[in-house]
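Taking it in order: structure first as structure tokens, then the write-up.
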Amino acid sequence: MILVFIGPPGSGKGTQASLLSEKFSIISVGKVLRTVMESNTAEADVVKKFIKSGKLVPSNITNKIVVNALKNIDQCKSIILDGYPRDIFQADFLQENLQMDFKVLFFDIDDAVVLRRLSGRISCTDCGTIYNKLYCMPKINGVCDICNSSSFQNRVDDDESIIKLRLESYKKETLPLLEFYKAQDKLTLIDANQSTENILKKIKKISGIY
Numbered sequence: 005m006i007l008v009f010i011g012p013p014g015s016g017k018g019t020q021a022s023l024l025s026e027k028f029s030i031i032s033v034g035k036v037l038r039t040v041m042e043s044n045t046a047e048a049d050v051v052k053k054f055i056k057s058g059k060l061v062p063s064n065i066t067n068k069i070v071v072n073a074l075k076n077i078d079q080c081k082s083i084i085l086d087g088y089p090r091d092i093f094q095a096d097f098l099q100e101n102l103q104m105d106f107k108v109l110f111f112d113i114d115d116a117v118v119l120r121r122l123s124g125r126i127s128c129t130d131c132g133t134i135y136n137k138l139y140c141m142p143k144i145n146g147v148c149d150i151c152n153s154s155s156f157q158n159r160v161d162d163d164e165s166i167i168k169l170r171l172e173s174y175k176k177e178t179l180p181l182l183e184f185y186k187a188q189d190k191l192t193l194i195d196a197n198q199s200t201e202n203i204l205k206k207i208k209k210i211s212g213i214y
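No gaps in the numbering here: position 169 of the sequence shown is 173 in the working numbering, and each next residue is one more.
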């Protein structure tokens with residue numbers, strides 16, 4: 005089974021995916037795109053331009069990344085697709101290329117909460133695990149819980165002006181997916197203003213594998 009996580013930046017999709025990684029293989033499209041952005045490839049400059057402008061990366065690039073990730077991922081586990089699809093075109097592409105049953109979880113959250121969360125967000129330079137200076141720091145100060153790295157960075161797309169552009173782009177491109185998946189009876193709304201623990205409990209119940 006596949007759980008598809010859809011929601012604005014800062015809604016907690018990546019945090020929940022990390023917490024569920026013991027039983028799910030995770031495909032984080034945002035994380036993969038940032039890896040591409042830092043690579044020495046022809047696609048890097050294109051991806052960097054779109055991410056820094058707060059716009060969605062073109063579907064021809066994103067779709068290829070997702071297909072490759074699905075081919076290479078551990079198929080023995082259920083899968084979480086974090087941050088994909090992001091528009092109707094990608095949703096159509098996903099259904100044409102996906103052979104597994106899937107459920108769509110929409111992380112609904114207030115814009116003000118998004119801005120507050122993202123302004124304090126940092127990530128591990130080595131493994132990409134996301135933390136927040138306001139409420140979710142590593143258990144040992146300055147040491148990543150996952151890989152023990154002591155190197156952290158602010159993400160280039162977490163500048164306030166870029167966050168606002170990303171939210172505008174999200175509302176224009178991604179929100180129409182709600183009706184698309186609601187019509188297929190695949191959509192479940194998650195109140196992402198809640199605590200991390202409450203959201204996790206709900207997702208575990210929805211998944212049916214705990």
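Note that beta-carbon positions come from the ideal geometry of N, C-alpha and C, so glycine has one too.
Owing to the predicted nature of the structure, the values given are computational and were not obtained by experimental measurement.
Taking the Cα positions, residue 69 is about 20 Å away from residue 25.
DSSP links residue 107 through a beta bridge to 7. A contact between stretches requires three or more CB pairs, one per stretch, nearer than 8 Å, and the segment 30-39 meets this requirement with the segment 72-89. Rounded to whole angstroms, the Cβ separation of residue 204 and residue 118 is 19 Å, and the two are not in contact under 8 Å. DSSP places residue 82 inside the beta strand (DSSP E), whose first and last residues are 82-86. Where residue 204 is concerned, the enclosing alpha helix (DSSP H) starts and stops at 200-211. One Cα belongs to residue 168, the other to residue 195, and the distance between them is close to 21 Å. The beta carbons of residue 129 and residue 149 sit no closer together than 8 Å.
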